[in-house]
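As they're listed, the protein sequences go chains X and B. Residues 1 to 113 in my numbering are what the first sequence lists, from first letter to last. Residues 1001 to 1112 in my numbering are what the second sequence lists, from first letter to last. See below for the structure under consideration.
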Amino acid sequence: RKEVEQDPGPFNVPEGATVAFNCTYSNSASQSFFWYRQDCRKEPKLLMSVYSSGNEDGRFTAQLNRASQYISLLIRDSKLSDSATYLCVVTGGRTSGTYKYIFGTGTRLKVLA
Amino acid sequence: DAMVIQNPRYQVTQFGKPVTLSCSQTLNHNVMYWYQQKSSQAPKLLFHYYDKDFNNEADTPDNFQSRRPNTSFCFLDIRSPGLGDAAMYLCATSRDGRYEQYFGPGTRLTVT
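Right, here's the structure in full:
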C-alpha cells in the first residue's frame, strides 16, 4: 500500500461545477498535511495547509479526517484556470531533525468551458 | 519577489558530462531539499540539508551529490549523467522541516 494515495483522474468538470478530491495516508503519526497545485511542466505551488478543524480559502475548502486517515479538497465554482494537477502532501516519520514529506502522485483536474 | 531561485532553468548536457544545478533562497529557511520529478510522477526526494547536516535518501544513486556552502545556496552535482537522469530537478525549502515547503521553478535537464 502506498503511503499517500490519490485518484489520478482526470476529473473533467464544467465551469462553475463543484469538485472534490480525496487523499488517503497510511501513517497514523503524520503531523502536517498540505495541498499543492502543479501546472504542466511547472513547480508545485502551495495551495493550502490542512488544519484539524478544516479550513477555507475563498473557493477552496480543505478537511482532515484523522480517524479515517484522509484529507479532502473541495473546489467550488470551478474556473478554467483551476485546471492543474493537485498534489496531496503528508509529513511522515521524523529523520535527522526533520519530517519527511510524502507526495501523492496527484489528481488531474480539467475544467471545461 | 523571487523566494527560491534555480539556475539554469533548462540544461542540456551530454551523456557522462558532469553538470551542476544551483538553488538559492531568500526565505532564510534552514532546510533545503532536492527532488527529481519525471513526467506524471510525484517528486522524488534525493537528499536534504538540515542546517549543515546532509541527509541522503537510501535509494539516491552515488552519481548525485550535493553541496550547501551557506544558508542561502545549495548545489546539485550529477557526476556522470545518464539518459535516465533526464528529468525536472526541483529545489525546495522549509522552516525546520515541519512546515510547508516552497519550491523553486525547477531545472529541466536533458541528456543527449
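For each residue, glycine too, the CB sits at the ideal point set by N, CA and C.
Continuous beta strand (DSSP E) stretch holding X:M48: start and end:
By one-based count along the first sequence, residue 48 of chain X stands at place 48. 44-49 is the span of the beta strand (DSSP E), which, as asked, contains X:M48.
Taking Cβ positions only, does B:A1087 come closer than 8 Å to chain X?
In the second sequence, counting from the first residue as 1, residue 1087 of chain B sits at position 87. It does not; no Cβ of chain X falls within 8 Å.
Step through the CB atoms of chain X and report whether any lies within less than 8 Å of the CB of B:F1064.
The residue given as residue 1064 of chain B occupies position 64 in the second sequence. Put simply, the CB of B:F1064 is far from chain X, with every gap to its CB atoms at 8 Å or more.
Out of curiosity, what's the CA-to-CA distance linking X:G27 and X:C88?
As a first step, residue 27 of chain X is located in the first sequence; it is residue number 27 there, counting from the start. As a first step, residue 88 of chain X is located in the first sequence; it is residue number 88 there, counting from the start. The question names Gly, yet the displayed sequence has Asn at residue 27 of chain X. Near 14 Å, if we compare the C-alpha coordinates of X:C88 and X:N27.
Own chain partners of B:N1063 with C-beta closer than 8 Å, once the 5 adjacent residues on each side are dropped
Locating residue 1063 of chain B in the second sequence gives position 63, where the first residue counts as 1. Result list for B:N1063: I1078, R1079, S1080, P1081, G1082, D1085, in chain order.
Do you know how far the Cα of X:T85 is from the Cα of X:D39?
To locate residue 39 of chain X, count along the first sequence from 1; it is residue 39. To locate residue 85 of chain X, count along the first sequence from 1; it is residue 85. Cα to Cα, the separation comes out at about 6 Å.
Tell me the rounded alpha-carbon separation between B:V1111 and X:N55.
On the second sequence, residue 1111 of chain B is found 111 positions in, with the first residue counted as 1. On the first sequence, residue 55 of chain X is found 55 positions in, with the first residue counted as 1. When rounded, the separation of the alpha-carbon atoms in B:V1111 and X:N55 is 43 Å.
Could you name the residues of the same chain whose beta carbon sits closer than 8 Å to that of X:E114, not counting the 5 residues immediately before and after it, in chain order?
Lying before the first or after the last residue shown, residue 114 of chain X is absent from chain X, which here runs from 1 to 113.
Where B:D1077 sits in the DSSP three-state scheme:
Translated into the one-based positions of the second sequence, residue 1077 of chain B becomes position 77. Reduced to three states, the DSSP call for B:D1077 is strand.
X:S53 to X:G104 span [Cα, whole Å]
Residue mapping note: residue 53 of chain X aligns to position 53 of the first sequence, counting from 1. Residue mapping note: residue 104 of chain X aligns to position 104 of the first sequence, counting from 1. Taking the straight line joining both Cα atoms gives about 22 Å.
Am I right that B:C1023 and B:G1104 are in contact with their C-beta atoms under 8 Å? What's the rounded C-beta distance?
Start at 1 with the first residue of the second sequence, and residue 1023 of chain B comes out as number 23. Start at 1 with the first residue of the second sequence, and residue 1104 of chain B comes out as number 104. At roughly 6 Å, the Cβ-Cβ gap stays under 8 Å, so B:C1023 and B:G1104 are in contact.
Measure the C-alpha to C-alpha separation of X:S30 and X:K100 and round it to an integer number of angstroms.
For this step, residue 30 of chain X is matched to residue 30 along the first sequence. For this step, residue 100 of chain X is matched to residue 100 along the first sequence. Here the alpha carbon of X:S30 sits roughly 10 Å from the alpha carbon of X:K100.
Can you list, in chain order, the residues of its chain with a C-beta nearer than 8 Å to that of B:M1032? Leave out the 5 residues immediately preceding and following it.
Locating residue 1032 of chain B in the second sequence gives position 32, where the first residue counts as 1. Answer for B:M1032: C1023, Q1025, H1048, Y1049, R1068, C1074, C1091, A1092, T1093, listed in chain order.
So is X:R1 buried or exposed if we call it buried at 16+ other beta carbons inside 10 Å?
Counted from its first residue, the first sequence places residue 1 of chain X at position 1. Looking at its Cβ environment, which holds fewer than 16 other Cβ atoms inside 10 Å, X:R1 is exposed.
Which residue marks the beginning of the beta strand (DSSP E) containing B:N1070, and which one marks its end?
Position 70 of the second sequence holds residue 1070 of chain B. Element bounds for B:N1070: n/a, residue is neither H nor E.
Can you tell which of X:E15, X:F34, X:V13, X:Q69 has the C-alpha that lies nearest to the C-alpha of X:G106?
Taking the first residue of the first sequence as position 1, residue 106 of chain X is located at position 106. Taking the Cα of X:G106 as reference, the smallest distance to any Cα among X:E15, X:F34, X:V13, X:Q69 is reached at X:F34.
Determine, using beta carbons only, whether B:Y1010 comes closer than 8 Å to chain X.
Counting from 1 along the second sequence, the entry for residue 1010 of chain B is found at position 10. Chain X, which has no Cβ nearer than 8 Å to the Cβ of B:Y1010, makes this no.
Minimum Cβ-Cβ distance from X:S26 to chain B less than 8 Å
Against the first sequence, residue 26 of chain X aligns to sequence position 26. X:S26 has a beta carbon lying at 8 Å or more from every beta carbon in chain B.
What are the residues in the segment 100-111 of chain X lying within 8 Å of chain B by C-beta distance?
Residues K100, Y101, F103, G104, T105, G106.
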